[in-house]
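Take a look at the structure set out below.
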Amino acid sequence: MSPIQIIFPILFVILGPFVGGLMDGIDRKLSARLQGRIGPSILQPFYDVRKLMNKQVIGVNRAQYALLLSYLLLMIVTGLLFFSGSDILMSVFVLSTASIFLYFAVVETGSPYNTIASNRELVQIMAYEPAVILMCVGFYLVAGSFNVPDIMQSETIMITRMPGFFIAFLFALAVKLRKSPFDVSTGHHAHQELVQGIKTEMGARNLAIFQIAEWYESALLMGMVALFIVDRRPLSFFFGALLVLAVYLFMILLDNTAARIKYTKMLKIVWIATILFSGLNLLVLMLMR
Amino acid sequence: MAKVKESPWVLHYDGSSCNGCDIEVLASLTPVYDAERFGVVNTGDPLQADILLITGGINTQNLSVVKQLYDQMPRPKVVVAVGTCACTGGIFKECYNILGGADKAVPVDIYVPGCAARPQSIIDGIVQAVELFQKRSDEHDAAVAAAKSGTQAK
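If you read the protein sequences in the order shown, they are chains D and F.
The first sequence runs 13 to 301 under the numbering used here.
The second sequence runs 40 to 193 under the numbering used here.
Here it is as structure tokens:
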């Protein structure tokens with residue numbers, strides 16, 4: 013184990029929520045500026061969570077708190093697996109397990125809004141999962157291993173060999189980060205037809221935990237984006253950061269320019285994009301071997 | 040004492056209003072006035088709301104709805120009545136079905152008069168509500184701390 017495999021997970025656990033929260037804050041500020049408003053402070057998401065921790069706890073039941081805590085813990089475990097340089101396929105599977113815990117936390121309340129939103133959340137998982145798993149296959153075909161350090165030690169810069177997988181992963185990312193047009197189960201913007209979607213029955217402390225888990229998730233997904241560029245050269249970390257920035261700005265632009273679509277259409281678009289881009293890329297990689 | 044006043048989330052309920060005040064409430068969130076610069080989020084969820092903003096008077100049918108929304112909001116919470124109708128019943132006061140202002144259903148903290156209330160006065164009301172929200176939160180924290188130390192003493 014190299015020192016980087018010990019430092020990165022520690023940095024993730026400590027800095028993950030701060031990075032994710034700042035990204036959220038930049039998102040809100042930039043969205044406001046795009047709409048011609050002044051917008052809240054960049055630290056607004058942290059203010060929100062601090063307030064939520066100080067509100068009276070009205071939970072629907074105790075299970076929701078436990079399930080949301082499991083969601084947060086599994087999200088941290090996923091990040092630890094990924095940043096400590098373990099199997100990327102493994103971390104993707106643990107990520108899905110975390111999403112399932114979120115689904116349970118939502119569906120067990122039994123409220124009508126939550127029931128519909130949880131079904132949509134499952135459809136979202138169905139939509140993005142093929143693209144994410146095929147991305148891991150792509151990494152394997154190029155680097156010859158699923159392990160993150162091996163992928164980083166590879167001779168080639170990943171994105172030059174797997175641009176199709178990257179484009180398909182962008183679709184998955186838009187679904188995972190709950191950006192319009194794919195924010196069917198819940199959105200960052202107030203008032204949709206499901207009140208707050210999966211967040212409807214989360215208040216006070218529970219919502220704060222959900223928010224922090226989402227921050228960890230954003231930080232983790234941006235790490236996956238950076239893996240498309242980062243190799244053993246130090247300069248590649250700089251370009252990786254640039255790619256992450258470009259991808260995130262694109263997501264904010266997408267969020268502000270697209271209207272929400274029906275979940276059936278989301279499923280079709282994401283799957284067709286996955287089959288088209290990942291499939292073609294997979295074919296090319298298989299033929300080149 | 041945690042600082043909570045940077046993040047007031049508002050729940051807007053439209054009683055039997057003529058919709059004049061509701062348009063002005065939404066105007067407060069538009070680029071011209073931009074209430075979000077104070078951290079205000081117009082949430083549709085009472086579980087996540089800090090400030091209950093009521094427009095329009097209370098009638099026999101929405102009395103129980105307003106009471107329920109208020110009960111579903113976690114403490115600390117503040118109620119703002121926006122517009123003459125929500126303050127007193129206004130022009131509809133003599134109607135057979137109107138009971139009066141929002142204070143017939145729930146304890147109102149801030150009254151914002153006007154027909155319709157202007158966005159400037161609505162934002163002024165929200166800013167005053169935010170100060171009150173911070174005060175209530177401090178009291179709430181103190182009460183929780185006192186209850187905790189009380190159970191420890193036992």
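All C-beta atoms in this analysis are idealised placements derived from N, C-alpha and C, irrespective of residue type, glycine included.
These numbers were taken from a predicted model, which means no experiment stands behind them.
For F:E81, three-class secondary structure by DSSP: Per the sequence presented here, residue 81 of chain F reads as Asn, with Glu not at that position. Strand, per DSSP.
Environment of D:I284 [buried if 16+ CB atoms lie within 10 Å]: exposed
Residue-chain proximity (F:V43, chain D), Cβ-Cβ < 8 Å: yes
DSSP three-state assignment for F:T94, whether helix, strand or coil: strand
Closest residue to D:L55 among D:R45, D:K63, D:I38 (Cα-Cα distance): D:I38
CB contact check: F:D148 to chain D, cutoff 8 Å: no
Short CB-CB distance (under 8 Å) between F:G122 and chain D: no
Span of the beta strand (DSSP E), counted from its first residue to its last, around F:G139: Residues 137-139.
Residue(s) in a DSSP beta bridge with F:V121: F:T94, F:V151
Under 7 Å by beta carbon: chain D residues contacting F:T94: Contacts between F:T94 and chain D, judged by CB atoms closer than 7 Å, are missing: the closest CB pair is about 16 Å apart.
D:Y17 at chain F interface by Cβ criterion, 8 Å: The question names Tyr, but residue 17 of chain D is Gln in the sequence shown. No, D:Q17 does not count as interfacial toward chain F.
Residue-level contact to chain F via CB, D:Q76, 8 Å cutoff: no
Cβ contact (3+ pairs, closer than 8 Å) linking the segment 71-83 of chain F and the segment 43-53 of chain F: yes
Partner residues on chain F for D:Y59, Cβ-Cβ distance less than 7 Å: E45, S46, G78
Reduced DSSP category for F:S55 - H, G, I as helix; E, B as strand; rest coil: In the structure shown, F:S55 falls within a strand segment according to DSSP collapsed to helix, strand and coil.
Length of the line joining the Cα atoms of F:K193 and F:S103: For F:K193, the predicted structure reports a pLDDT of 49, less than 50, and the residue's modelled location is therefore unreliable. A value from the coordinates is still provided. Computed Cα separation, rounded: 40 Å.
D:D99 - partner residues in DSSP beta bridges: D:N159
Neighbour list for D:N73 in chain F, Cβ cutoff strictly below 9 Å: In chain F, no part has a C-beta under 9 Å from the C-beta of D:N73; the shortest such distance is about 13 Å.
is_contact[F:L86, chain D] using C-beta, thresh 8 Å: At least one chain D Cβ lies under 8 Å of F:L86.
Coarse secondary structure for F:V71, derived from DSSP in three states: coil
Below-8 Å beta-carbon distance, D:P124 vs any chain F residue: no
Minimum Cβ-Cβ distance from D:L34 to chain F less than 8 Å: D:L34 does not count as touching chain F.
Local conformation of D:L206 per DSSP, three classes: DSSP places D:L206 in coil when its eight states are reduced to three.
Residues, ordered as in the chain, of the segment 166-191 of chain F that lie near chain D by beta-carbon distance below 8 Å: S176, H179, D180
D:V89 - partner residues in DSSP beta bridges: Beta-bridge pairing links D:V89 to no other residue.
Any 3 or more C-beta pairs closer than 8 Å across the segment 44-58 of chain D and the segment 183-198 of chain D: no
Paired residues, beta bridge with F:V104 - DSSP: F:V104 is not bridged to any residue.
Interface residues of chain F facing D:R62 [CB-CB closer than 9 Å]: A41, K42, V43, E45, S46
Assigned secondary structure, D:L55 (DSSP; H/G/I helix, E/B strand, else coil): coil
Inter-residue spacing [alpha-carbon to alpha-carbon] between D:V104 and D:L134: About 16 Å.
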